[in-house]
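S.K.:
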Amino acid sequence: MTSEEASLSIAPARPAAWRDPKIRGIAYQIVFVFVVAGLIAFVVHNTLVNIGRQNIATGFGFLHREAAFGIGESLIDVLPADTYARAFLVGLTNTLHVAALGIVFATILGTLMGLARLSANWLVRKLAQVYVETFRNIPLALQLFFWWGLLNKMAPGPRQAWQLLPGFFVSNRGITYPAPLASPAYKWVALAFVIGVVATIAVRRWASRRQMASGRQFPAGWIGFGLIVGLPAVVFIAAGAPLAMDVPALKGFNFSGGDAMSPEFAALLIGLVVYTGTFISEIVRAGILAVSWGQSEAAMALGFRSGQRLRLIVLPQALRVIIPPMTSQYLSLTKNSSLAVIIGFPDLVSIANTTMNQTGQAIEGIAMIMAVYLCISLAISLAMNLYNRAVALVER
Amino acid sequence: MADIAHDMPVAAQAPPPRSSGLAGWLRANLFNGVTNTILTLLCVALIAVAVPPVIRWGLVDAIWSAPNGKSCHGGGACWAFIGEKFRFIVFGFFPANETWRPASVVGIFVLMIVAACDRRLWGRRLAMLWVVGLCAVFALMRGGALGLSKVETAMWSGLPLTLILAVVGMLFGFPLGILLALGRRSRLPAVRAICVGYIELVRGVPLITMLFMASLMLPLFLPAGFTIDKLVRAQVAFILFAGAYLAEVVRGGLQAIPRGQIEAADSLGLSYIQRTRLIVLPQALAMVIPPLVNTFIGIFKDTALVIVISLFDLLTTAETALSDVNWQGFYIEAYVFVGVIYWSFCFFMSRYSQLLEREFDRGKRR
Chain A
1 MTSEEASLSI APARPAAWRD PKIRGIAYQI VFVFVVAGLI AFVVHNTLVN IGRQNIATGF
61 GFLHREAAFG IGESLIDVLP ADTYARAFLV GLTNTLHVAA LGIVFATILG TLMGLARLSA
121 NWLVRKLAQV YVETFRNIPL ALQLFFWWGL LNKMAPGPRQ AWQLLPGFFV SNRGITYPAP
181 LASPAYKWVA LAFVIGVVAT IAVRRWASRR QMASGRQFPA GWIGFGLIVG LPAVVFIAAG
241 APLAMDVPAL KGFNFSGGDA MSPEFAALLI GLVVYTGTFI SEIVRAGILA VSWGQSEAAM
301 ALGFRSGQRL RLIVLPQALR VIIPPMTSQY LSLTKNSSLA VIIGFPDLVS IANTTMNQTG
361 QAIEGIAMIM AVYLCISLAI SLAMNLYNRA VALVER
Chain B
397 MADIAHDMPV AAQAPPPRSS GLAGWLRANL FNGVTNTILT LLCVALIAVA VPPVIRWGLV
457 DAIWSAPNGK SCHGGGACWA FIGEKFRFIV FGFFPANETW RPASVVGIFV LMIVAACDRR
517 LWGRRLAMLW VVGLCAVFAL MRGGALGLSK VETAMWSGLP LTLILAVVGM LFGFPLGILL
577 ALGRRSRLPA VRAICVGYIE LVRGVPLITM LFMASLMLPL FLPAGFTIDK LVRAQVAFIL
637 FAGAYLAEVV RGGLQAIPRG QIEAADSLGL SYIQRTRLIV LPQALAMVIP PLVNTFIGIF
697 KDTALVIVIS LFDLLTTAET ALSDVNWQGF YIEAYVFVGV IYWSFCFFMS RYSQLLEREF
757 DRGKRR
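Protein chains in written order, with the numbering used here: chain A, 1 to 396; chain B, 397 to 762.
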């Protein structure tokens with residue numbers, strides 16, 4: 001019938017091969033692939049010609065040469081005499097460092113602000129809204145300049161440093177804060193913490209199995225709290241509670257003791273956290289609003305306490321809505337950390353930029369940046385997808 | 397039981413606390429319960445600590461006019477700096493005696509955006525208005541005809557540049573995004589693979605990489621002897637970047653089209669192009685207008701990144717103004733001024749997208 005209709009409406013009947021969608025599809029694809037491949041070949045050809053003409057070196061051989069530029073800060077040791085490969089590694093660790101801290105703090109800030117926007121308290125709600133509307137609508141680059149200007153250019157020298165809290169100083173050398181003095185006790189406390197976490201998981205497994213089998217509940221929450229917080233605390237006190245802190249003190253023209261964040265690192269971290277926090281707060285708010293009030297009412301009718309209601313009914317459903325957009329926020333925070341280049345923090349992009357300027361090998365530099373960010377993106381989405389699968393709706 | 401209760405005298409109860417009026421509102425919204433009272437007091441304390449110094453710095457102690465930077469360093473803000481640098485920050489290197497040209501360009505952009513927000517105007521006439529408006533923008537910026545002196549693109553800077561990068565990036569990125577989204581939903585595996593690869597590659601790397609690529613690698617990609625303007629290079633990067641992000645937004649709309657619509661179009665004998673143009677896209681695009689506005693806000697903010705390839709957008713002109721030896725150290729003033737400009741645009745548009753979202757929802761609610 002369809003062929004009859006087709007032959008009536010579209011005049012001449014053609015050979016079947018022209019009309020066959022399968023054959024046409026293959027033809028379209030061949031044309032498309034040829035066009036794309038031709039475009040790529042054209043670009044590659046031009047690039048090779050241009051490189052040959054301008055005498056630009058190619059290949060990754062430059063990675064083994066001496067970089068000959070200093071790097072302001074790094075988690076691993078680096079000297080100007082080190083190779084470009086080492087410099088790239090430093091940039092990568094710096095990027096990962098700021099991104100990891102940024103993700104943690106932005107999640108905390110964003111969650112708090114998202115909850116605050118749903119608060120029953122009018123003032124809390126409005127303050128959170130002012131925060132979100134202000135910082136979401138200003139470009140991150142501008143915010144980074146602002147924080148950097150504040151910390152690096154406006155902040156006084158160490159002698160007149162602003163003291164935020166006892167031991168916390170803000171000066172043009174960055175943010176200086178107390179750090180606990182190294183003590184062997186910390187190793188044992190950390191070990192106790194790990195044991196506590198493992199034991200809690202085991203207890204919870206056992207408790208839920210027993211509840212499934214016998215219906216009897218077990219206060220796994222309290223036991224877990226005791227194991228995770230109490231055990232390390234006991235170890236800490238048993239070790240003599242070494243509370244000595246390395247408090248920064250002014251010595252000559254700078255602080256000595258404590259830990260410090262450079263103005264660049266602090267500005268980048270604050271900027272990323274404050275900016276991404278606004279988006280996370282909107283995600284958290286939307287996620288919680290997405291759980292209908294009837295769910296809470298049903299939980300109350302079943303006699304759940306408010307903590308149980310949040311933990312067992314509301315959060316699991318809200319997380320399902322929250323996690324996918326949260327993943328993209330984590331990804332964009334990581335990508336946005338590349339803005340470090342504008343305030344001179346030596347992240348991967350800024351080191352690659354210096355390298356490209358020194359060696360003239362733009363293609364290799366950009367290829368390395370792209371490869372690294374694609375790997376990071378894939379790793380974060382993989383981790384979040386695994387987590388998402390764990391909390392996703394299990395349908396019958 | 398009930399009868400007895402009826403006969404029992406009931407002790408008089410105190411009236412419930414007032415729920416109307418100022419006192420009632422305060423009780424319901426600020427002091428309902430111990431936790432909320434503590435939170436309210438903490439917030440009031442925070443405001444009391446933070447707001448007065450800001451007002452003192454920005455208004456009370458501020459200096460509104462000064463001959464040079466040295467006499468402008470008091471305890472407060474130096475708005476005289478903004479007054480002195482206003483033209484440069486907003487219009488950049490555009491010849492000073494031609495300032496009316498970039499100023500009317502900004503005016504035209506604002507008019508076009510406001511007109512686009514009025515749903516009664518959506519349609520052919522608005523498209524015509526935009527075409528005319530964009531032609532006017534380029535005529536005014538470029539000059540060289542109608543008695544206007546020619547101005548090189550290197551001189552295009554400040555707010556007009558920011559607006560051009562964002563609007564042109566969005567306008568040209570949009571068709572690219574639609575094609576990529578259709579390609580990603582295609583039944584042809586080769587087309588799908590190439591589109592997915594492009595979208596994921598561009599979305600996986602920072603915009604800075606795209607800008608570096610445009611400024612450093614694009615000249616290498618083109619045939620020898622073929623030079624390309626720096627502004628055009630950045631614009632190409634923005635279009636390619638916007639295309640990938642818009643593709644994902646459009647895909648959201650495509651996925652929301654019920655299968656029956658496509659089957660109905662097929663049964664009417666529409667070809668793929670007819671079906672897409674007449675049935676699928678009109679519905680899909682209407683659905684994704686609010687996220688499209690949000691994407692535009694993102695692209696508008698992202699234009700601030702062109703500082704890395706030394707194009708003089710609004711943020712870069714502010715940075716340049718800060719390096720004047722006669723006016724040193726007015727960072728906060730400059731950033732606040734530029735921030736307010738960015739903020740006004742973004743806030744207006746985000747409010748508009750929220751409004752649209754509510755209106756679009758209205759049909760689905762009962």
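Positions of the beta carbon are idealized from the N, C-alpha and C atoms, including for glycine. Being a predicted model, the structure only gives us computed values, none of them experimental.
One question on the structure: do A:R204 and A:A220 come within less than 9 Å of each other, judged by their Cβ atoms?
M.R.: Translated into positions along the first sequence, residue 204 of chain A becomes position 204. Translated into positions along the first sequence, residue 220 of chain A becomes position 220. Cβ atoms of A:R204 and A:A220: closer than 9 Å.
S.K.: Is any beta-carbon of chain B found at less than 9 Å from that of A:R173?
M.R.: Taking the first residue of the first sequence as 1, we reach residue 173 of chain A at position 173. Chain B, which has no Cβ nearer than 9 Å to the Cβ of A:R173, makes this no.
S.K.: Does any CB atom of chain B fall closer than 9 Å to the CB of A:P401?
M.R.: Residue 401 of chain A is absent from the structure shown; chain A starts at 1 and stops at 396.
S.K.: Return the residues of the stretch 34-50 of chain A that lie within a Cβ-Cβ distance of less than 7 Å from chain B, sorted by chain order.
M.R.: Under the 7 Å Cβ criterion, the stretch 34-50 of chain A contributes V36, V43, N46, T47, V49, N50.
S.K.: Please confirm whether B:P602 has its beta-carbon closer than 9 Å to some beta-carbon of chain A.
M.R.: Reading the second sequence from its first residue, position 206 is the one you call residue 602 of chain B. Chain A, which has a Cβ nearer than 9 Å to the Cβ of B:P602, makes this yes.
S.K.: Could you check what DSSP says for A:V170 in three-state terms: helix, strand or coil?
M.R.: Locating residue 170 of chain A in the first sequence gives position 170, where the first residue counts as 1. Correct three-state label for A:V170: strand.
S.K.: Please report the Cβ distance between B:M606 and B:A652, rounded to the nearest whole angstrom; I am assuming they are in contact, meaning their Cβ atoms lie under 8 Å.
M.R.: Here residue 606 of chain B is taken as the residue at index 210 of the second sequence, counted from 1. Here residue 652 of chain B is taken as the residue at index 256 of the second sequence, counted from 1. Not really, about 29 Å apart at Cβ, beyond 8 Å.
S.K.: Check this for me: beta carbons of B:L688 and B:L642, under 9 Å apart or not?
M.R.: For the purposes of this step, residue 688 of chain B is taken as the residue at position 292 of the second sequence. For the purposes of this step, residue 642 of chain B is taken as the residue at position 246 of the second sequence. Closer than 9 Å, so yes.
S.K.: Mind checking whether the beta-carbon of B:C591 lies closer than 8 Å to any heavy atom of the ligand ZN?
M.R.: Ligands displayed in this structure: none; no statement on the ligand ZN is therefore possible.
S.K.: Do the stretch 690-709 of chain B and the stretch 133-147 of chain A make contact, defined as three or more Cβ pairs closer than 8 Å?
M.R.: With the cut-off at 8 Å, the stretch 690-709 of chain B and the stretch 133-147 of chain A touch.
S.K.: Does the beta-carbon of B:M566 have 16 or more other beta-carbons within 10 angstroms, so that it is buried, or is it exposed?
M.R.: For the purposes of this step, residue 566 of chain B is taken as residue 170 along the second sequence, with counting starting at 1. By the neighbour-count rule (16 or more Cβ atoms within 10 Å), B:M566 is buried.
S.K.: Between the beta-carbon of B:R452 and the beta-carbon of B:G472, is there less than 9 Å?
M.R.: Residue numbering aside, residue 452 of chain B sits at position 56 when the second sequence is read from its first letter. Residue numbering aside, residue 472 of chain B sits at position 76 when the second sequence is read from its first letter. Yes, they are a contact pair.
S.K.: Mark A:M370 as exposed unless 16 or more other C-beta atoms lie within 10 angstroms of its C-beta, in which case mark it buried.
M.R.: If you number the first sequence from 1, residue 370 of chain A lands on position 370. By the 10 Å Cβ count, A:M370 comes out buried.
S.K.: Whole beta strand (DSSP E) runs in the stretch 126-193 of chain A with 3 or more residues, listed along the chain?
M.R.: List check, beta strand (DSSP E) in window: 162-165, 168-171, 174-177.
S.K.: Which of the three DSSP states, helix, strand or coil, is assigned to A:D259?
M.R.: The count along the first sequence starts at 1 and reaches residue 259 of chain A at position 259. Here A:D259 sits in strand by DSSP.
S.K.: How about A:T134: is its C-beta nearer than 9 Å to some C-beta of chain D?
M.R.: You won't find chain D in this structure, because its protein chains are A and B.
S.K.: Give me the Cα-Cα distance between B:V587 and B:I693, rounded to the nearest whole angstrom.
M.R.: Residue mapping note: residue 587 of chain B aligns to position 191 of the second sequence, counting from 1. Residue mapping note: residue 693 of chain B aligns to position 297 of the second sequence, counting from 1. Straight-line Cα distance between these residues: approximately 30 Å.
S.K.: If we define contact as Cβ-Cβ less than 9 Å, is A:W18 a contact residue for chain B?
M.R.: Here the question's residue 18 of chain A lines up with position 18 in the first sequence. No, its Cβ sits nowhere closer than 9 Å to a Cβ of chain B.
S.K.: Flag this pair as touching only if the stretch 481-499 of chain B and the stretch 537-549 of chain B have three or more C-beta atom pairs under 8 Å; answer yes or no.
M.R.: Yes: at least three Cβ pairs fall under 8 Å.
S.K.: Would you say A:Q129 reaches chain B, if we count a Cβ-Cβ gap shorter than 9 Å as a contact?
M.R.: Numbered from its first residue, the first sequence carries residue 129 of chain A at position 129. With 9 Å as the cut-off, A:Q129 does not count as an interface residue toward chain B.
S.K.: Say whether the stretch 727-742 of chain B touches the stretch 705-716 of chain B, bearing in mind that this needs 3 or more beta-carbon pairs closer than 8 Å, one atom from each stretch.
M.R.: As far as the Cβ criterion goes, the stretch 727-742 of chain B touches the stretch 705-716 of chain B, which means the pair count is three or higher.
S.K.: Could you tell me if B:D662 is buried or exposed, where buried requires 16 or more neighbouring beta carbons within 10 angstroms of its beta carbon?
M.R.: For the purposes of this step, residue 662 of chain B is identified with residue 266 of the second sequence, where counting begins at 1. Flag for B:D662 reads exposed.
S.K.: Please tell me whether A:I363 has its Cβ less than 9 Å away from any Cβ of chain B.
M.R.: By one-based count along the first sequence, residue 363 of chain A stands at place 363. Yes, A:I363 counts as interfacial toward chain B.
S.K.: Is B:P412 buried or exposed, if buried means 16 or more other CB atoms sit within 10 Å of its CB?
M.R.: Along the second sequence, read from residue 1 onward, the residue named residue 412 of chain B stands at position 16. The residue is exposed, with fewer than 16 neighbouring Cβ atoms inside 10 Å.
S.K.: What residues are listed by DSSP as bridge partners for A:T83?
M.R.: Counting from one through the first sequence, the residue named residue 83 of chain A turns up at place 83. Answer is A:E66.
S.K.: Taking Cβ positions, are A:T276 and A:G110 nearer each other than 9 Å?
M.R.: Position 276 of the first sequence holds residue 276 of chain A. Position 110 of the first sequence holds residue 110 of chain A. Yes; because the gap between Cβ atoms is below 9 Å, this pair is in contact.
S.K.: Verify the CB distance criterion: does A:N353 have a CB-CB separation below 9 Å to chain B?
M.R.: Taking the first residue of the first sequence as 1, we reach residue 353 of chain A at position 353. So, interface residue.
S.K.: Verify the CB distance criterion: does A:G307 have a CB-CB separation below 9 Å to chain B?
M.R.: Position 307 of the first sequence, counted from the first residue, corresponds to residue 307 of chain A. Closer than 9 Å: no.
S.K.: DSSP state of A:N353, grouped into three classes?
M.R.: Counting from one through the first sequence, the residue named residue 353 of chain A turns up at place 353. A:N353 falls in the helix class under three-state DSSP.
S.K.: Which residue comes first and which comes last in the alpha helix (DSSP H) that contains B:A577?
M.R.: As a first step, residue 577 of chain B is located in the second sequence; it is residue number 181 there, counting from the start. Where B:A577 is concerned, the enclosing alpha helix (DSSP H) stretches over 555-580.
S.K.: Is A:L118 helix, strand or coil when you go by DSSP?
M.R.: Translated into the one-based positions of the first sequence, residue 118 of chain A becomes position 118. Of the three classes helix, strand and coil, the one that applies to A:L118 here is coil, per DSSP.
S.K.: Can you confirm whether A:A120, when its beta carbon is compared against all beta carbons of chain B, has any partner nearer than 9 Å?
M.R.: The residue given as residue 120 of chain A occupies position 120 in the first sequence. Taking Cβ atoms only, chain B reaches closer than 9 Å to A:A120, which makes this a yes.
S.K.: Roughly how many angstroms separate the alpha carbons of A:P232 and A:W188, rounded to a whole number?
M.R.: Translated into positions along the first sequence, residue 232 of chain A becomes position 232. Translated into positions along the first sequence, residue 188 of chain A becomes position 188. Straight-line Cα distance between these residues: approximately 8 Å.
S.K.: What residues match up with A:A16 in a beta bridge as DSSP calls it?
M.R.: By 1-based counting over the first sequence, the position of residue 16 of chain A is 16. None, per the DSSP bridge assignment.
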